[in-house]
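If you're matching them up, the sequences are chains A and B in order. Each step along the first sequence adds one to the number in my numbering, with nothing skipped, and position 148 is 134. Each step along the second sequence adds one to the number in my numbering, with nothing skipped, and position 77 is 63. This report concerns only the one structure given below.
There are 2 protein chains.
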Amino acid sequence: MAVIMAAAREREVSPGDEAWAILRQVMIGAQRRFLATAAELELHPAQAGALLRMEPGAASPMHELAKLLGCDNSNVTGIVDRLEARGLVTRRPYAQDRRVKHVVLTPAGTELAARFRAHMASPPEAISRLSVADQRLLRDLLRRAVEND
Amino acid sequence: MAVIMAAAREREVSPGDEAWAILRQVMIGAQRRFLATAAELELHPAQAGALLRMEPGAASPMHELAKLLGCDNSNVTGIVDRLEARGLVTRRPYAQDRRVKHVVLTPAGTELAARFRAHMASPPEAISRLSVADQRLLRDLLRRAVEND
DNA sequence: GCGAGAAACTTGAGGTTGTCAACTATTGAT
DNA sequence: ATCAATAGTTGACAACCTCAAGTTTCTCGC
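Following this line, the structure appears as structure tokens:
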């Protein structure tokens, strides 16, 4: 216990750390919104995650989806099964490599994904409440942060 | 399909929206880190979530934990069961209201929670890479954003 | 070419998470 | 004293997740 306190004291707290602590709080709210939106559209969280990671026109191999979701291939099988059963997604054979199956959004899937994105697109109160000047400042700062990634 | 594009065009995109879009990307990375940390400490995500929402000294009623986690009371029963089986947490009767049980971190639980927090405390590359001046700017901006919450 | 090894996907077992409905014990309000 | 509401648990059931095993297909060295 005393060890923990000592460790905490050892490390200098940078303004970046403090910013990060606030961001984590913001993220908890965003997580709630994600879950609420998923529930509203009758998607389980993992299904929503998969849907959101598929580009409307593109065809993703299942293993790529697994990589994006950070989970096992075998997991994606079930998730895509259920999305396919709801007609949101289609499996398509891939001639160049017959081991691979591509997953494609159906029109219904594209539409639902767009609705989901629309729900998530508006920033939380905390951000929209800022003055436009501050919003611009924040945007530019964040752009600078993630550039050359 | 055309409907979607039209809807997207209708709405003005504010700098706040753009900032939020970047933040969502940052959050995806943070989510991965959360899962990786949980796995490393052999905690399932929900268990980690519960652990992180308990203050080291305090005693939380189970229903309060459920509210914080945004899930059903019955769900918390199982999660606390498993945390208790691992000795990270204890159930304690609450004399003032005998329907209620309080959940308290054990020393082992406190220690594990601290290790978890330490893992999450350092900001992602994108932020730590900023100049100290920018970090300060970001911190102040975020403080302004979440103040009077 | 051919064969060994690797990759993509599926299946099945086993544990965790989540919701819902039903149940017990307790509280609080009339 | 009774009745409705609350806290927690239990059981049923679906989804999620990982791991190990299995099938099909590819790739690479020879």
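Positions of the beta carbon are idealized from the N, C-alpha and C atoms, including for glycine.
Worksheet item: Bridge partners of arginine 78 of chain A, per DSSP?
Response: A:His88
Worksheet item: Applying the criterion that 16 or more other CB atoms from any shown protein chain within 10 Å of the CB defines a buried residue, is glutamine 11 of chain A buried or exposed?
Response: exposed
Worksheet item: Ends of the alpha helix (DSSP H) at alanine 45 of chain A?
Response: Taken as a continuous stretch (DSSP letters only), alanine 45 of chain A belongs to no alpha helix (DSSP H), being part of the beta strand (DSSP E) at 45 to 47.
Fill in: Inter-residue spacing [alpha-carbon to alpha-carbon] between methionine 13 of chain B and methionine 13 of chain A
7 Å
Worksheet entry | threonine 63 of chain B CB to nearest heavy atom of the ligand GTP below 7 Å | The model depicted lacks the ligand GTP and carries no ligand whatsoever.
Item to complete: Kindly indicate which three-state DSSP category valine -1 of chain A falls into: helix, strand or coil?
Response: coil
Practice prompt. Taking C-beta pairs closer than 8 Å, name the residues in chain B that glutamine 11 of chain A reaches, listed in chain order.
Written response: Val132
Practice prompt. Check whether the Cβ atoms of asparagine 61 of chain A and alanine 52 of chain A lie closer than 8 Å to each other.
Written response: yes
Fill in: Under the three-state DSSP convention, the category histidine 30 of chain B falls into
coil
Worksheet entry | Distance CB(leucine 74 of chain B)-CB(alanine 94 of chain B) smaller than 8 Å | yes
Fill in: DSSP-derived helix/strand/coil call for arginine 115 of chain A
coil
Worksheet item: Based on Cα-Cα distance, which residue from A:Arg103, A:Arg122, A:Ala119, A:Glu97 lies nearest to alanine 16 of chain A?
Response: A:Arg103
Fill in: Delimiting residues of the alpha helix (DSSP H) encompassing serine 60 of chain B
59 to 71
Item to complete: Please state if the CB of proline 42 of chain B and the CB of threonine 96 of chain B are separated by a distance shorter than 8 Å.
Response: yes
Practice prompt. Compute the Euclidean distance between the alpha carbons of glutamine 82 of chain A and proline 109 of chain A, then round it to the nearest angstrom.
Written response: 42 Å
Item to complete: Compare the C-alpha of glycine 35 of chain B against each of B:Arg101, B:Glu111, B:Leu54 and name the closest.
Response: B:Leu54
Discussion item. Taking CB distances under 8 Å as the criterion, tell me whether arginine 19 of chain A reaches chain B.
Written reply: no
Worksheet item: Is the Cβ of isoleucine 8 of chain A closer than 8 Å to any Cβ of chain B?
Response: yes
Practice prompt. Take glycine 115 of chain B as the anchor and find which of A:Arg19, A:Arg129, A:Ala107, A:Ala119 has the nearest alpha-carbon.
Written response: For clarity, residue 115 of chain B is arginine in the given sequence; the question names glycine instead. Out of A:Arg19, A:Arg129, A:Ala107, A:Ala119, A:Arg129 has the C-alpha closest to the C-alpha of arginine 115 of chain B.
Fill in: Reduced DSSP secondary structure (H/G/I, E/B, other) of aspartate 126 of chain A
helix
Worksheet item: Is the Cβ-Cβ distance between leucine 9 of chain B and leucine 127 of chain A less than 8 Å?
Response: no
Discussion item. Using a Cβ-Cβ cutoff of less than 6 Å, which residues in the same chain neighbour histidine 49 of chain B once the five nearest sequence positions on both sides are dropped?
Written reply: Asn59
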